[in-house]
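See structure below.
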Amino acid sequence: MPLIEPRTLKGFRDYAPALMIPRERVLQTARAVYRSFGFAPMDTPALEYAEVLLGKGGEESDKLVYRFRDHGDRDVALRFDLTVPFARFAAQYVPQLGTPFKRYAMGPVWRGENTAAGRYREFAQCDFDTIGTTANAADAEVVLVVNALFEALELGDFTIRVNNRLVLNGLLESLGVLDKPVPLLRALDKLLKMGRDKVVEEMQREAGVTAEQAARVLTLAEAEGSNADKLTRVESLCGGNPKAAEGVARLRELLAVAAAGGVPDGRVRLDLSIARGLDYYTGTIYETFLTALPGIGSVCSGGRYDNLAGLYTKQVLPGVGASLGVDRLLTAMEELKHPWLAGLTTTAPVLVLQFPGASLVECVTLATELRRANVGCELYPDGAKLGKQFQYAEKRGHTLAVFAGPEELSAGVVKVKNLAARTEVGVPRGELVATVTAELARAKP
RNA sequence: UUGGGUGUAGCUCAGUUGGUUAGAGCGCGAGAUUGUGAUUCUCGAGGUCGCGGGUUCAAGUCCCGUCACUCAACCCA
Numbered sequence: 027m028p029l030i031e032p033r034t035l036k037g038f039r040d041y042a043p044a045l046m047i048p049r050e051r052v053l054q055t056a057r058a059v060y061r062s063f064g065f066a067p068m069d070t071p072a073l074e075y076a077e078v079l080l081g082k083g084g085e086e087s088d089k090l091v092y093r094f095r096d097h098g099d100r101d102v103a104l105r106f107d108l109t110v111p112f113a114r115f116a117a118q119y120v121p122q123l124g125t126p127f128k129r130y131a132m133g134p135v136w137r138g139e140n141t142a143a144g145r146y147r148e149f150a151q152c153d154f155d156t157i158g159t160t161a162n163a164a165d166a167e168v169v170l171v172v173n174a175l176f177e178a179l180e181l182g183d184f185t186i187r188v189n190n191r192l193v194l195n196g197l198l199e200s201l202g203v204l205d206k207p208v209p210l211l212r213a214l215d216k217l218l219k220m221g222r223d224k225v226v227e228e229m230q231r232e233a234g235v236t237a238e239q240a241a242r243v244l245t246l247a248e249a250e251g252s253n254a255d256k257l258t259r260v261e262s263l264c265g266g267n268p269k270a271a272e273g274v275a276r277l278r279e280l281l282a283v284a285a286a287g288g289v290p291d292g293r294v295r296l297d298l299s300i301a302r303g304l305d306y307y308t309g310t311i312y313e314t315f316l317t318a319l320p321g322i323g324s325v326c327s328g329g330r331y332d333n334l335a336g337l338y339t340k341q342v343l344p345g346v347g348a349s350l351g352v353d354r355l356l357t358a359m360e361e362l363k364h365p366w367l368a369g370l371t372t373t374a375p376v377l378v379l380q381f382p383g384a385s386l387v388e389c390v391t392l393a394t395e396l397r398r399a400n401v402g403c404e405l406y407p408d409g410a411k412l413g414k415q416f417q418y419a420e421k422r423g424h425t426l427a428v429f430a431g432p433e434e435l436s437a438g439v440v441k442v443k444n445l446a447a448r449t450e451v452g453v454p455r456g457e458l459v460a461t462v463t464a465e466l467a468r469a470k471p
């Protein structure tokens with residue numbers, strides 16, 4: 027029988043322990059941060075009725091959805107984000123759950139789009155949202171959550187860029203070009219990447235505005251100076267446009283709250299050129315950039331929407347939230363040589379060696395004792411040469427090695443070796459747990 | 001989806017105008033070393049040249065197709 031070639035689909039990949047360990051750590055970090063703000067976990071199925079996921083229908087993006095007929099000839103599709111299924115969920119359960127409702131969700135989503143570095147067809151998202159309130163407190167809290175999250179991820183400095191669609195819409199309205207916001211904003215969003223001239227060109231071509239109108243939009247977007255300066259500039263540029271005024275007021279408060287919430291000065295930056303989320307964001311917009319790696323784009327984005335579940339219920343559900351791009355973030359961490367990706371392939375800090383000729387029973391007794399004391403512990407499977415066992419321990423990234431040979435056994439001691447420092451101590455058998463615990467605490471700065 | 005680039009050992013890569021048994025470094029395994037990871041030395045394993053066709057006396061090398069990766073554009077709810 028011919029062998030089947032082992033392979034994975036384009037855009038899909040395997041996760042070996044060296045990748046999975048930091049990945050789980052990222053997810054665990056996000057989970058802890060979300061929970062600390064009171065977001066509750068939830069999940070929805072990977073597979074849904076296609077009509078639920080496609081909703082509006084006929085959109086460009088629908089082509090990216092994995093869609094097929096199931097065994098009962100149902101028209102089904104894989105979720106392409108966590109927001110749309112959440113909308114369906116909210117429509118079904120909000121009466122029981124009550125509002126405001128805060129949730130987080132993490133899991134894989136699927137998009138049949140072209141691949142690129144850090145962009146796959148199956149990838150994880152890690153969302154949090156507050157629905158059922160239009161209060162600006164929820165908008166500001168997004169900034170606090172993102173700030174706490176990226177501090178916990180130990181990725182160095184970062185910038186949270188914020189904007190408000192009300193400001194953009196108000197500006198377009200005051201310029202009399204509100205009829206074609208999508209191509210305009212899409213062009214505007216590329217400002218950082220393409221530069222001013224090309225954006226003007228695209229605005230004229232795609233949105234049919236005059237060069238002068240395009241220039242005015244850009245004048246606003248390119249505003250330099252402090253956040254406060256920019257807001258003042260918007261106010262003067264948009265005259266008394268009520269939408270813009272509301273956007274400015276909300277941004278002002280958001281910035282004040284962020285500062286009060288301990289977000290360092292300068293970390294939140296007003297950026298009037300970001301526009302993302304064209305289909306449903308209606309208020310505050312967020313993007314997060316790593317200072318060390320701006321080229322990779324936003325690693326955590328989101329925004330406010332007026333009505334999450336309008337497709338599924340008549341109840342109006344406004345909300346605000348953001349999503350961590352886990353896989354893009356991991357790509358960034360790899361490039362930054364983040365210590366979490368140091369190549370650990372073990373999850374147990376201690377390796378118990380089997381001294382050549384030693385009794386397995388004795389070794390298992392040691393390991394069990396450590397595990398009962400909540401110390402992760404792996405047992406080397408056979409009595410290979412000590413050097414080989416040490417090599418294994420080092421390669422896997424264990425912190426300590428524990429072993430006892432005939433000499434130690436007869437003296438009633440056990441040896442504990444710090445693998446990185448290459449130092450070892452012999453301790454009385456009864457002090458094993460205490461010594462290991464202390465050594466582990468010392469080894470972990 | 002469109003256009004460019006790439007694909008040779010576990011990894012990084014050589015491989016001449018097509019020419020005979022396809023190479024190196026690192027890594028890996030065994031030993032030198034019968035209680036300790038390095039260095040050194042010895043020996044060794046490991047390759048459907050991404051896959052499938054075609055041209056040719058002869059293909060890793062040229063042609064076509066295909067799969068995957070990558071860069072750019074498009075897109076990113």
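Counting in my numbering, the first sequence runs from 27 upward without gaps.
Beta carbons: idealized from backbone N, C-alpha and C, even for Gly.
Euclidean distance between Cα positions of residue i and residue j
i	j	result
residue 291	residue 158	30 Å
residue 224	residue 59	40 Å
residue 221	residue 144	24 Å
residue 127	residue 72	22 Å
residue 156	residue 343	10 Å
residue 435	residue 46	38 Å
residue 187	residue 51	25 Å
residue 99	residue 109	26 Å
residue 123	residue 130	14 Å
residue 265	residue 246	13 Å
residue 458	residue 391	12 Å
residue 473	residue 164	Because the chain spans 27 through 471 in this model, residue 473 falls outside it and cannot be assessed.
residue 178	residue 55	7 Å
residue 140	residue 34	15 Å
residue 473	residue 412	Any property of residue 473 remains undetermined from this structure, which presents the chain solely from 27 to 471.
residue 446	residue 373	16 Å
residue 176	residue 31	41 Å
One or two residues paired with residue i in a DSSP bridge
i	result
residue 118	DSSP lists no partner for residue 118.
residue 454	439
residue 128	156
residue 444	426, 449
residue 150	134
residue 142	145
residue 184	316
residue 66	129
residue 351	151
Inter-residue CB distance, residue i and residue j (contact presumed, cutoff 8 Å)
i	j	result
residue 162	residue 279	5 Å
residue 75	residue 101	7 Å
residue 423	residue 347	With 8 Å as the limit, residue 423 and residue 347 do not qualify as a contact, their Cβ atoms being about 36 Å apart.
residue 239	residue 203	6 Å
residue 298	residue 189	6 Å
residue 215	residue 302	6 Å
residue 351	residue 170	Wrong, their Cβ atoms sit about 19 Å apart, outside the cutoff.
residue 334	residue 116	6 Å
residue 263	residue 197	7 Å
residue 331	residue 308	6 Å
residue 415	residue 356	About 31 Å; that fails the 8 Å criterion.
Option in the options with minimal Cα separation from residue i
i	options	result
residue 44	364, 102, 116, 109	364
residue 371	414, 425, 325, 89	425
residue 167	64, 356, 398	64
residue 193	429, 139, 459, 258	258
residue 92	148, 51, 68	148
residue 226	409, 241, 218	241
residue 444	422, 412, 376	376
residue 353	115, 119, 136, 34	136
residue 460	395, 423, 433	395
residue 268	218, 199, 252	199
residue 345	310, 419, 387, 119	310
residue 317	393, 253, 185	185
residue 146	326, 274, 36, 97	36
residue 388	334, 336, 439, 412	439
residue 456	231, 442, 450, 449	442
residue 410	113, 431, 463	431
residue 248	236, 77, 218	218
residue 462	399, 417, 406, 359	399
residue 328	81, 152, 437	152
residue 381	407, 228, 256	407
residue 232	211, 454, 201, 386	211
residue 235	252, 30, 256, 209	209
Legend entry - Whole runs of the alpha helix (DSSP H) within the segment 391-424, excluding any shorter than 4 residues: Taking only runs of at least 4 residues, the alpha helix (DSSP H) segments lying wholly in the segment 391-424 are 412-422.
Legend entry - Whole runs of the beta strand (DSSP E) within the segment 275-348, excluding any shorter than 3 residues: 294-296, 310-316, 326-331
Legend entry - Those runs of the beta strand (DSSP E) which lie wholly inside the segment 182-243 and span at least 3 residues: Counting whole runs of 3 or more residues, the segment 182-243 contains the beta strand (DSSP E) stretches 184-190.
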